[in-house]
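Just below is one structure, and these are the notes that go with it.
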Amino acid sequence: GAVVSQHPSRVICKSGTSVKIECRSLDFQATTMFWYRQFPKQSLMLMATSNEGSKATYEQGVEKDKFLINHASLTLSTLTVTSAHPEDSSFYICSARLGSPDTQYFGPGTRLTVL
Amino acid sequence: GQQVMQIPQYQHVQEGEDFTTYCNSSTTLSNIQWYKQRPGGHPVFLIQLVKSGEVKKQKRLTFQFGEAKKNSSLHITATQTTDVGTYFCAGYSGYSTLTFGKGTMLLVSP
Numbered sequence: 004g005a006v007v008s009q010h011p012s013r014v015i016c017k018s019g020t021s022v023k024i025e026c027r028s029l030d031f032q033a034t035t036m037f038w039y040r041q042f043p044k045q046s047l048m049l050m051a052t053s054n055e056g057s058k059a060t061y062e063q064g065v066e067k068d069k070f071l072i073n074h075a076s077l078t079l080s081t082l083t084v085t086s087a088h089p090e091d092s093s094f095y096i097c098s099a100r101l102g103s104p105d106t107q108y109f110g111p112g113t114r115l116t117v118l
Numbered sequence: 741g742q743q744v745m746q747i748p749q750y751q752h753v754q755e756g757e758d759f760t761t762y763c764n765s766s767t768t769l770s771n772i773q774w775y776k777q778r779p780g781g782h783p784v785f786l787i788q789l790v791k792s793g794e795v796k797k798q799k800r801l802t803f804q805f806g807e808a809k810k811n812s813s814l815h816i817t818a819t820q821t822t823d824v825g826t827y828f829c830a831g832y833s834g835y836s837t838l839t840f841g842k843g844t845m846l847l848v849s850p
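Chains as they are written, first to last, in my numbering: chain A, 4 to 118; chain B, 741 to 850.
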């Protein structure tokens, strides 16, 4: 149980295009999902908390107009990187919260490369 | 804000040697969680500790939560090459988000 999927697993795009990443909880409902960014050999950096039916909460320094988050259902959250640039290239990982005390279950991640 | 510090950053051991990573929080935690990330993979939940002084074991892995609920450790006995990866601790202080440590990268040579 507690499986989280992420799509796509890899994406290469040209500078200036937008990329949408989907995060799904497959066998449970998640009112809260999280989006992280991870640079090579570094820790997970929380970008935003996605709450079903309401606006996402962004961490300090994360541009909400650049990283659009939508959590339209209890099993799906999307992250759209708008007008992507090479510096946005990274590993993006989502997680979904489950249980009490809360545990986070991570998706397999999306490796974004912006040329 | 809450900070979680983890040491060492990196450790290289010979197969069969023991390994320990330590985690310290700047604030008291309601629970602490440990994750393992294999190279090229995503973090996988290992365990959660909730009670002060709690000790839990998973085969060769022993997890401890400090009495003050501000520190934790993960000890691996007799490492194997399959233990290779980065081990992250993550503290939850009752607010809405987990705070991750920077991780300890473990390399095991056969």
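The beta carbon of each residue, even a glycine, is placed where N, CA and C say it ideally should be.
Taking a Cβ-Cβ threshold of 7 angstroms, none of the residues of chain A is close to B/Gly-793; the smallest such distance is about 17 angstroms.
Each residue's CA atom was taken as its position, placing B/Ala-808 and B/Thr-768 some 7 angstroms apart.
Contacts with chain A at 8 angstroms (Cβ-Cβ) do not include B/Gln-804. In terms of Cα proximity to A/Ser-46, the closest of B/Pro-850, B/Lys-842, B/Glu-755, B/Gln-743 is B/Lys-842. DSSP, reduced to helix, strand and coil, places A/Glu-90 within a helical segment of the structure shown. Taking 7 angstroms as the cut-off between beta carbons, the residues of the region 95-114 of chain A near chain B are Ile-96, Pro-104, Asp-105, Thr-106, Gln-107, Tyr-108, Phe-109, Gly-110, Pro-111, Gly-112, in sequence order.
Between the region 9-17 of chain A and the region 71-83 of chain A there are fewer than three inter-stretch CB-CB distances shorter than 8 angstroms, so the stretches are not counted as touching.
Linking B/Asn-771 to B/Gly-831 through their CA atoms gives a straight-line distance of about 6 angstroms. Residues of the region 32-51 of chain A whose Cβ lies closer than 8 angstroms to any Cβ of chain B, in chain order: Thr-35, Phe-37, Lys-44, Gln-45, Ser-46, Leu-47, Leu-49. Distance from the CA of A/Val-6 to the CA of A/Leu-29, rounded to the nearest whole angstrom, comes to 6 angstroms. With respect to chain A, the C-beta atom of B/Pro-783 has a partner C-beta closer than 8 angstroms.
Taking the beta carbon of B/Gly-841 as reference, the chain A residues within 9 angstroms of it are Ser-46, listed in sequence order.
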